[in-house]
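For reference, the structure discussed in these notes is given below.
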Amino acid sequence: MIHFIKVSGWALLCAGMCFMGQASAGQTLAAQERPVYLDPEKPVEERVEDALGRMTLEEKIKIIHAQSKFSSGGVPRLGIPEVWTTDGPHGIRPEVLWDEWDQAGWTNDSCVAFPALTCLAATWNTELAHLYGKSIGEEATYRGKDMLLGPGVNIYRTPLNGRNFEYIGEDPYLAAEMAVPYIQGVQENGVAACVKHFALNNHEVNRHNTNVIVDERTLHEIYLPAFKAAVQKGHAWAIMGAYNLYRNQHCCHNSFLLNDILKEDWNFDGAVVSDWGGTHDTDEAIRNGLDMEFGTGTDGLRSGARNAYDSYHLAFPYLEKIRSGEVGTEELDDKVRRVLRLMFRTSMNPYRGFGSFCSEAHYSAARQIGDEGIVLLKNEGGLLPLDLDNAGKILVVGENAIKMMTVGGGSSSLKVQREISPLDGIRERAGKDVEVVYARGYVGDPSGEYNGVTTGQNLQEDRSAEELIAEAVEMAKDADCVIFIGGLNKSWKQDCENSDRASLGLPYGQDDVIEALAAVNPRLVVVNISGNAVAMPWIDKVPAVLQAWFIGSEAGHSIADVLSGDVNPSGKLPFTFPARLEDCPAHLLGDYCGKSAKDTVDIEYKEGIYVGYRWTDRQKNIKPLFPFGHGLSYTSFAYGNPVVDSSSMTADGTVTVSVDVTNTGSREGKEVVQLYISDRKSSLPRPVKELKGFRKISLVPGETKTVSFTISADALSFYDPQKHGWEAEPGKFDAIIASSSADIRGKVSFVLQ
Ligand code: BGC
0 MIHFIKVSGW ALLCAGMCFM GQASAGQTLA AQERPVYLDP EKPVEERVED ALGRMTLEEK
60 IKIIHAQSKF SSGGVPRLGI PEVWTTDGPH GIRPEVLWDE WDQAGWTNDS CVAFPALTCL
120 AATWNTELAH LYGKSIGEEA TYRGKDMLLG PGVNIYRTPL NGRNFEYIGE DPYLAAEMAV
180 PYIQGVQENG VAACVKHFAL NNHEVNRHNT NVIVDERTLH EIYLPAFKAA VQKGHAWAIM
240 GAYNLYRNQH CCHNSFLLND ILKEDWNFDG AVVSDWGGTH DTDEAIRNGL DMEFGTGTDG
300 LRSGARNAYD SYHLAFPYLE KIRSGEVGTE ELDDKVRRVL RLMFRTSMNP YRGFGSFCSE
360 AHYSAARQIG DEGIVLLKNE GGLLPLDLDN AGKILVVGEN AIKMMTVGGG SSSLKVQREI
420 SPLDGIRERA GKDVEVVYAR GYVGDPSGEY NGVTTGQNLQ EDRSAEELIA EAVEMAKDAD
480 CVIFIGGLNK SWKQDCENSD RASLGLPYGQ DDVIEALAAV NPRLVVVNIS GNAVAMPWID
540 KVPAVLQAWF IGSEAGHSIA DVLSGDVNPS GKLPFTFPAR LEDCPAHLLG DYCGKSAKDT
600 VDIEYKEGIY VGYRWTDRQK NIKPLFPFGH GLSYTSFAYG NPVVDSSSMT ADGTVTVSVD
660 VTNTGSREGK EVVQLYISDR KSSLPRPVKE LKGFRKISLV PGETKTVSFT ISADALSFYD
720 PQKHGWEAEP GKFDAIIASS SADIRGKVSF VLQ
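Residue 0 is where the sequence shown starts when you use numbering that gives the first Met the number 0, and the numbers rise one by one after that.
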């Protein structure tokens, strides 16, 4: 039988490199002339073994560590290409110089910025998660990237964590359900998703020297499920180790996490990638499951005759140990197999497409995700939606109404082709007779630069805080409506990698501005832009509050869509908004991150499994400002009584719980129906309830839909540290149907036999 190499960029490259003299590019090649590893029709494992057998020791070492800031080496002799990675997770990072973080200065690398992952989480829409992954994967493909450094699935443990905006909220079930389709969407493009940061990376201060102490049950119930789902359901091809330590070992070469759990228990067959600069020890890197080393501090190519990348732990130091006989090659071959597998799935996958970049389809995806992620927190007296066709005079106040938010925040910072600011979005949408005026209100961070990418905005403002408030108040007096747009801004300590927030409160005196505006105009809407919960001491004086996130390129359009009612809000909070920092157990029970320290600092997760609503649910005296799962709509939904198809189930069976939901208002809208499970009696203490299902449905006025959840024993089980495994104990369980974790609409019970 004759096979033909498919004509793709990669096939032409192979034909050019490997068969020079036998066949030229474009000609068909008989299968027998082609080595197995280059034959895409052969099973991947056969190709891996074939390639492995042809590689020299030095070539094997070459492909397991970086050769530039974002790529690892290939084997030119065999036509095996390099692996190119990119941040991730909200858009494709602009190109940097080979050896530096500085910009390469390309003019064709301005991307679409998709909404931050918190916004995606707030959609509670798994189809949108898939669309997100597919779209960003297409952008990555177009840009020649083989691995996208994302998604991030670390659990939201404290509202101070500077990187929460890059993650998927406080609940392991929600994070898992949303991460899986994102990963699948990315990988359908032949681009690997690199799920990060494995594991227990829940704050930024001291991130390189925090040693997390967490009990086994909490690890399995709260901090691992999203990673496990990414591996077992999403089939992620890569995982990134975290910076911190666990059991006094850095997570990038942590024997327990990488060898025992990830590779042994979960059968992960992909590559473990270090976080940039997260590798610290050669022996541990060799033995403890790390496959690809990136970003270890070097002095670049500038000094010395030898490439500084050769000094990486998994480069010459490793080679020397093998040559001297100190270590064998068993671990090396395992690493190389994993990297080759990654290449056959990505860079050497001749079937992958060409992708697309900055397409209108990608902008549309970004807008849909933004539209569905915005959460209507409060809407007293039906102030929203605003009739933007006939609104008279609208005053917009606040720096976040005009500041570009795609630059900043750390490694997820982007260079975008376009970004619609909230003010521009509102102006674009407002009718021709509507007057939209703007006042700055406060000065946050007027700078607009990250890693050499500048926004080009001049936000310099020399007036004092009092003058700015006075101006806004004066303008608010005769406005028909005031929209304050503030929050955080991805600057240092304001939702930014490598720093945490200093407090729960809004920075830059914004509370004073909001109080002053509320005092003169009762028609005040606050739009909070952040990836974290913030304190709202003025909440009783403000009738309408929207939680918008870092929405990216289409921010202004999405915000205007929801303010105007063109889109009926349907986002739900993916984390609890505590009223006070002390209501968050990480802060109540201990120092969440330790003081800045050079030496390793132990941080104990004393709250155990009681994170987020699992904590507030059991505290009689704590009422969150807004609960997990909360989000209002411009219409209303009535829930019928839930019914169960059988009052008992066996351990290997299921029961189905169904509930009718009716749109009782006058607008079409979407509702997220949530299923929580409560274990009435158990041998170990359990949370009052836990999210185990959700479904987003769309209803026109008067329409009713039946939502059904199939519950299996998995949803009833807890992790038993005595048995080192999951356990579903017989007994009575409640299936709770809710519109938020605090808004329970019905309950039905069944027995596990
Ligand atoms: C971050 C990662 C990122 C990497 C590469 C690190 O500082 O923690 O999330 O992917 O840099 O930019």
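Think of the CB as a built atom: it goes at the ideal place given N, C-alpha and C, for glycine as much as any other residue.
Would you mind stating whether residue i and residue j have Cβ atoms separated by less than 8 Å?
| i | j | result |
| --- | --- | --- |
| D494 | N531 | yes |
| G611 | E371 | no |
| P445 | E466 | no |
| Y141 | F113 | no |
| L116 | P75 | no |
| A191 | F226 | no |
| G168 | P626 | no |
| G161 | D499 | yes |
| H196 | L413 | no |
| L753 | G692 | Because the chain in this structure spans residues 0 to 752, residue 753 falls outside the shown range and cannot be described. |
Is the closest heavy atom of the ligand BGC to the C-beta of residue i under 7 Å?
| i | result |
| --- | --- |
| W275 | yes |
| S695 | First, the residue type needs correcting, since residue 695 is Lys and not Ser in the sequence shown. Outside the cutoff, so no. |
| G763 | In the structure as shown, the chain begins at 0 and stops at 752. Residue 763 is therefore absent and cannot be evaluated. |
| L753 | Here the chain covers residues 0 to 752 and nothing more, so residue 753 does not appear. |
| G294 | yes |
| K144 | no |
| K195 | yes |
| E99 | no |
| S632 | no |
| E496 | yes |
| S420 | no |
| S412 | no |
In terms of residues, what are the limits of the alpha helix (DSSP H) holding residue i?
| i | result |
| --- | --- |
| W614 | Y612 to T615 |
| E726 | Element bounds for E726: not the alpha helix (DSSP H) but the beta strand (DSSP E), G724 to E726. |
| S557 | A554 to S563 |
| V533 | V533 -> no alpha helix (DSSP H), and no H or E assigned at all. |
| Q456 | No alpha helix (DSSP H) contains Q456, which DSSP labels as neither H nor E. |
| Q231 | P224 to Q231 |
With residue i as the anchor, note down where its beta strand (DSSP E) starts and where it stops.
| i | result |
| --- | --- |
| H196 | A191 to F197 |
| V395 | K392 to V396 |
| L523 | L523 to I528 |
| L505 | Neither: L505 is in no beta strand (DSSP E) and is coded neither H nor E. |
| Y718 | F717 to D719 |
| M239 | A237 to G240 |
| E670 | G668 to D678 |
| L753 | Residue 753 is absent from the structure shown; the chain starts at 0 and stops at 752. |
| E606 | No beta strand (DSSP E) contains E606, which DSSP labels as neither H nor E. |
Output yes if chain B places a C-beta closer than 8 Å to the C-beta of residue i; else output no.
| i | result |
| --- | --- |
| A191 | No chain B appears in the structure shown, which is made up of a single protein chain. |
If contacts are defined as beta-carbon pairs under 8 Å, then residue i and residue j qualify, I think. What distance do you get, rounded to the angstrom?
| i | j | result |
| --- | --- | --- |
| A712 | L751 | 7 Å |
| L289 | H252 | 5 Å |
| I238 | G269 | 7 Å |
| I696 | V672 | 7 Å |
| V837 | V654 | Here the chain has residues from 0 to 752 only, and residue 837 is not among them. |
| K492 | G408 | Not really, about 11 Å apart at Cβ, beyond 8 Å. |
| G486 | S529 | 4 Å |
| N348 | G189 | 4 Å |
| S435 | I419 | Note that residue 435 corresponds to Val in the displayed sequence, not to Ser. Between I419 and V435 the Cβ distance is about 14 Å, and since that is not below 8 Å, they are no contact. |
| P623 | P577 | 6 Å |
| F483 | V566 | That belief does not hold up - the Cβ atoms of F483 and V566 are roughly 21 Å apart, past 8 Å. |
By a C-beta neighbour count over all protein chains shown, 10 Å radius and 16 as the cutoff for buried, is residue i buried or exposed?
| i | result |
| --- | --- |
| E606 | buried |
| S753 | Residue 753 lies beyond the range of the chain shown here (0 to 752); nothing can be said about it. |
| A518 | exposed |
| A128 | buried |
| Q26 | For Q26, the predicted structure reports a pLDDT of 47, less than 50, and the residue's modelled location is therefore unreliable. The matter cannot be settled from this model. |
| A304 | Note that A304 scores 42 on pLDDT, short of 50, meaning its location in the model is unreliable and no value can be drawn from it. |
| Y308 | buried |
| S738 | buried |
| Y350 | exposed |
| D145 | buried |
| V755 | Because the chain spans 0 through 752 in this model, residue 755 falls outside it and cannot be assessed. |
| R340 | buried |
| L56 | exposed |
| K334 | buried |
| A543 | buried |
| S302 | For S302, the predicted structure reports a pLDDT of 46, less than 50, and the residue's modelled location is therefore unreliable. The matter cannot be settled from this model. |
| I735 | buried |
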